[in-house]
Structure formats: C-alpha cells, structure tokens
Amino acid sequence: MFNRTTITQGLLFVPLFLTFAYFFHKEAGWNVNSRICLTYAMVEKGSFVIDDYQAIPALETKDIAFYNGHYYSDKIIGTSLLGAIPMAALHYYSRATGRTFSWNAKRYVVTTFSVGVASALAGAALYRLLLYFGASLGGAFFLACAFVFGTQVFSVGTVFLSYGPALLFEILAYGLLVRNREALDARKLFLAGLALGAGLLCEYTLGLVAIGLSIYAYAYLRRKPLIVVFWLGACVPLSLFLAYTITCFGRPVIPYEYLVRAEFKQGMSQGFQGIVGFDPAVLYYITVHRYRGLFYHSPFLVLAVWGWALMWRNRERRSDGLLSISMTAAYLVFNASYYMWWGGWTNGPRHLIPALPFLVLPLAAVWGAGKIGRALLVVLTAVSVFFNTLPAFVDAQLPQGYQAVELYRPRIQYNYRDPLWEMGIKRLWRGQIAVNAGQFLGLRGLWSLAPLVMLWVATAALAWRLVAAKKNGAGT
C-alpha cells in the first residue's frame, strides 16, 4: 500500500508532466532541430545521417557537423536516443494505419514523451531527495515546484533540449550516492555510475558533476579502488556515443571538430572546447544582471548561501554542503570562461542548469529554519516563478536580443537589456501565447491558460490536504 510520501510524489509528477505537455513551441530552433533530426533519421532511415532532413525548412539547423559528404548532428546523442522511443511508436503506428503526421505533430509527441516525462520525473526525484535532506512533506513539495517553475527547468522541459533528461539522471546518481554513502558497495556504485553516464550521454557539461560526484563517492568509500566500478558504470552509456562517433566519423571524436558554421567552429576551437578564460564581466552578467543573471531570474536561489551555513553547522550534511558550494562555483567559473557565455536563444544562463539541484537542496535547511526562512522562500519564489513561467507561456527560447559580435566581448558598462521584458512580457500582454491545450478547447489569448491554472490550483489544494493529514497523524 502506498504511503503519503509516495502519493504526494505521484501527485507532483502528474501535474508536472501535464504542464510540460500543455505547450508546443512552433519555433524549434537550431539546437532542437539538430537533436530531433537525429531521432528522425534513426527511426525512419535506420541511419545517423541527417542529409534528407536538412532540405526541410521546418527542420533547418546550423548546429550540424559535416564529414565525408554527409551531415550529422553535432550534439551528444542521449536525448535523441530517448526521443527515438516515442518516435518509433508513432512511426510504426503510422505504417500500420497509413496515417501520416506533420513535422509539428511528430515533434510534439517526441518532445512530450521523452523530455517532458524526464523533466517531470526530475522534479519528482528532487522532491524525494529534499525529504532525505530533512525537508517536511510540504517543504519538499514547495521546493520541488520552485525548482521547476522558478528556474529555467520549466522552459527547457517544453522543448527537445538535453537539460530535462540530464537533470533527472544527475539527481538519480547523487541520490543513490548520498542515501548509501555509509555502505557503498559495488552494486550501488555501478548503478550510480550508470545514472551519471546516462546524464553525460545527454549533456556534455555534466562532466563537472561527474568530477564532483567522483570525489564525493571516493571520500566515503572504505575500499578506495571500488571507485573504478563507479566509473565503469558511467562508461556503459558513454560507450554508445563512442560507437556513434566511430560509425559516423571513423574515430572517437567530439563532433564539434566538424562543425559547419564557421563562427561556431572557430569559437569551439579556442582553448578547450570553447573555454577561453575567466571573464569577471561575464560572471556579473550570469549572476545578478538582468540579461542572464541566475539570481536575478531566480532570486530564491540566493538563499542557498543561508542553507550552506546551516549545512556546515550540521556535521551529517557538511560534505553535501561542500559539494553544493563546489558545484555552484565550478559552473559559475565554467560559464564565465565559455566563449558563448549567454547560451544563444534562451531565458537566463542555461549553462548553469546542471548546478540547479545543488542550489535547491540547501533550501531544505532554510525551510526548516523557521518562519522567516519560509517567508523569504515564498516571496522570492513568487518572483522567480513570474520570471520563469512567462517564457514557457510565450517562447521557451527567447531571442538573445543582440548580435553575437556584441556579446563575445562583454563589458559591465554595456548593461544589456533583459529580452524577457521586450520579447516576453509584451507578447504575453498582447495575448501572443504559445500553442497550447487550452486553444484546442476554443480558448484564446490569456484565457487559454485557464485550464492549466485550474490544474495547478487543484494540485495545490490536494497537496495541502495531504500535508495537513500528515501533520495531524492521519495514516502513514
């Protein structure tokens, strides 16, 4: 029989999934098209070559590699592999019934039943981990919702990008390690490594998490050589990428070496894979500035500093606090050193997304610190939700607002404008909402969001009742 914790976790997953499924963004973007073209090619052509899809305007992308007369996706392949599961079901249904689907219909199905599912599971998995970190049932539910709706997770969960799946596997890997750290055996290490490898197969930048979790696991191992098992587990999913690159390019290689767009190829050839050196101006823009500032767009995350202090005072959580600080610092340094620091068309600093779980987990301590902590979290989360739901309502990949040449060498005095205000809020006010389920019910403009808001209100009411019943000692 399910206990209240499991029921609440399910109650969280279902509306999260329905929320991600509620939207469809017509403008896919180069990043999305690069990944989904590979999905289509694998299922429909039995090939990794995406030549045929480059002739279709709806699938145009410059995020591609060219080798030996053929075009390939330049992305790591995990997200495309996940997308192949719903795509295969749709493809075989189409062959069996003779019914054809538009490119938009295919993209919606693939996105919803891969990235949408993974993003919702990431929120549910973080909820469980927050409980382990000492959050109450209501606190964990609130913070898991803040993680999704108060950060870029909402936006990237509605389009075919790598971050939702990468976050899911990252949280699962960390969860396996932290829950079993006092008794890490080969089996648990291998499973944690397997989850981490799956995340790396979706997103290159999870490499920093891989380093952090390796050090974390090593520190708790009684038999230090067992760390090799953790790495072997990670190698299993990554072997698929190895086989892919050998098949496509004749040798193990990162496809960025064969980029078609000269601007991207030049940028990625600088330093190590585009990491060109730390820039204090970029650090300013990705932390507190309105253009790409993490703590501007998601101010509730600032309270992680308070959470770190509380974790340091708790010897049981001290190592997790250090891991959280290290991961946050590592991603800030990486992002401030990357040549395309602004992340293209997006809202907020998308290169910092893998650090988000490590910033949210310390908030469990803040929630438990008393009324002041909870009040600050509620107020700052409300602001964060405002900044991060609007892009998902309008366009999950807001235009960057400036030519790349104006962004490559940023200076603090440039004071870039926030695209959210110019291209998000104004469009929302005019009723220029993304395609959504409400419109299929005949609702237009802002009214098309009414069913979604009703879903959220109903979920909050049910969650409140479950939390209140738990406090009153009813059931388990």
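Sequential numbering from 35 applies to the sequence shown in my numbering.
Heads up, the beta-carbon is just placed ideally off N, CA and C, and yes, glycines get one too.
DSSP-derived helix/strand/coil call for residue i
i, result
"isoleucine 98", "strand"
"tyrosine 372", "strand"
"leucine 512", "Any property of residue 512 remains undetermined from this structure, which presents the chain solely from 35 to 510."
"isoleucine 245", "helix"
"valine 339", "helix"
"isoleucine 288", "coil"
"phenylalanine 283", "helix"
"isoleucine 309", "strand"
"valine 83", "coil"
"asparagine 470", "strand"
"phenylalanine 3", "Since the displayed the chain opens at 35 and closes at 510, residue 3 lies outside it and no answer follows."
"histidine 323", "coil"
"threonine 73", "helix"
"methionine 35", "Because the pLDDT of methionine 35 is 48, which lies under 50, any placement of that residue in the model is unreliable, and the question is left without a value."
"isoleucine 90", "coil"
"tryptophan 455", "helix"
"glutamate 350", "coil"
"alanine 315", "helix"
"alanine 508", "Because the pLDDT at alanine 508 is just 47, under 50, the model does not fix this residue reliably, and the value given afterwards should be weighed accordingly. It is coil, neither helix nor strand."
"asparagine 381", "coil"
"leucine 477", "coil"
"glycine 402", "coil"
"glutamine 43", "helix"
"serine 170", "coil"
"arginine 499", "helix"
"proline 444", "coil"
"glycine 63", "coil"
"threonine 134", "coil"
"glutamate 237", "coil"
"glutamine 304", "coil"
"leucine 390", "helix"
"leucine 483", "helix"
"leucine 266", "helix"
"serine 489", "Contrary to the premise, residue 489 reads as leucine rather than serine in this sequence. Three-state DSSP puts leucine 489 in a helix."
"leucine 255", "coil"
Residue range of the unbroken alpha helix (DSSP H) whose run includes residue i
i, result
"serine 107", "It is not in any alpha helix (DSSP H) - serine 107 instead sits in the beta strand (DSSP E) that spans 104-107."
"valine 419", "405-428"
"tyrosine 448", "Neither: tyrosine 448 is in no alpha helix (DSSP H) and is coded neither H nor E."
"glutamine 434", "Per DSSP, glutamine 434 belongs to no alpha helix (DSSP H) and is neither H nor E."
"lysine 140", "137-145"
"lysine 460", "460-463"
"leucine 115", "112-131"
"serine 153", "151-166"
"leucine 395", "Neither: leucine 395 is in no alpha helix (DSSP H) and is coded neither H nor E."
"histidine 331", "328-331"
Inter-residue CB distance, residue i and residue j (contact presumed, cutoff 8 Å)
i, j, result
"leucine 206", "alanine 229", "4 Å"
"leucine 477", "alanine 484", "6 Å"
"alanine 156", "leucine 201", "4 Å"
"glutamine 431", "tryptophan 379", "4 Å"
"isoleucine 309", "tyrosine 372", "6 Å"
"phenylalanine 54", "threonine 192", "6 Å"
"leucine 235", "phenylalanine 275", "6 Å"
"leucine 337", "leucine 390", "That belief does not hold up - the Cβ atoms of leucine 337 and leucine 390 are roughly 14 Å apart, past 8 Å."
"leucine 218", "leucine 255", "6 Å"
"phenylalanine 194", "alanine 232", "About 17 Å separates the two Cβ atoms, so there is no contact after all."
"leucine 441", "glycine 382", "That belief does not hold up - the Cβ atoms of leucine 441 and glycine 382 are roughly 15 Å apart, past 8 Å."
- 3-residue-minimum beta strand (DSSP E) runs that sit fully inside the region 182-229, ordered along the chain: none
- Quick check: the region 108-118 against the region 135-155, are there 3 or more CB pairs under 8 Å? yes
- Task: Decide if the region 179-195 is in contact with the region 407-422; the criterion is three or more beta carbon pairs, one per stretch, under 8 Å apart.
- Result: yes
- Tell me, please, whether the region 61-77 touches the region 101-108 by the rule of three or more beta-carbon pairs shorter than 8 Å. yes
- Is the region 235-245 touching the region 361-370 in the sense that three or more CB pairs, one from each, lie closer than 8 Å? yes
- Message: Would the region 293-300 count as touching the region 261-276 if we require 3 or more Cβ pairs under 8 Å?
- Response: no
- Count the C-beta pairs between the region 482-502 and the region 156-169 that are closer than 8 Å, then say yes if the count reaches three, no if not. no
- Item | Stretch-stretch touch, CB-based, cutoff 8 Å, three pairs: the region 320-333 with the region 380-396 | yes
- Spell out a yes or no on whether the region 408-417 and the region 453-472 are touching, meaning 3 or more CB-CB pairs, one atom from each, closer than 8 Å. no
- Task: Please determine if the region 166-183 and the region 132-144 are in contact, where contact requires at least 3 C-beta pairs separated by less than 8 Å.
- Result: no
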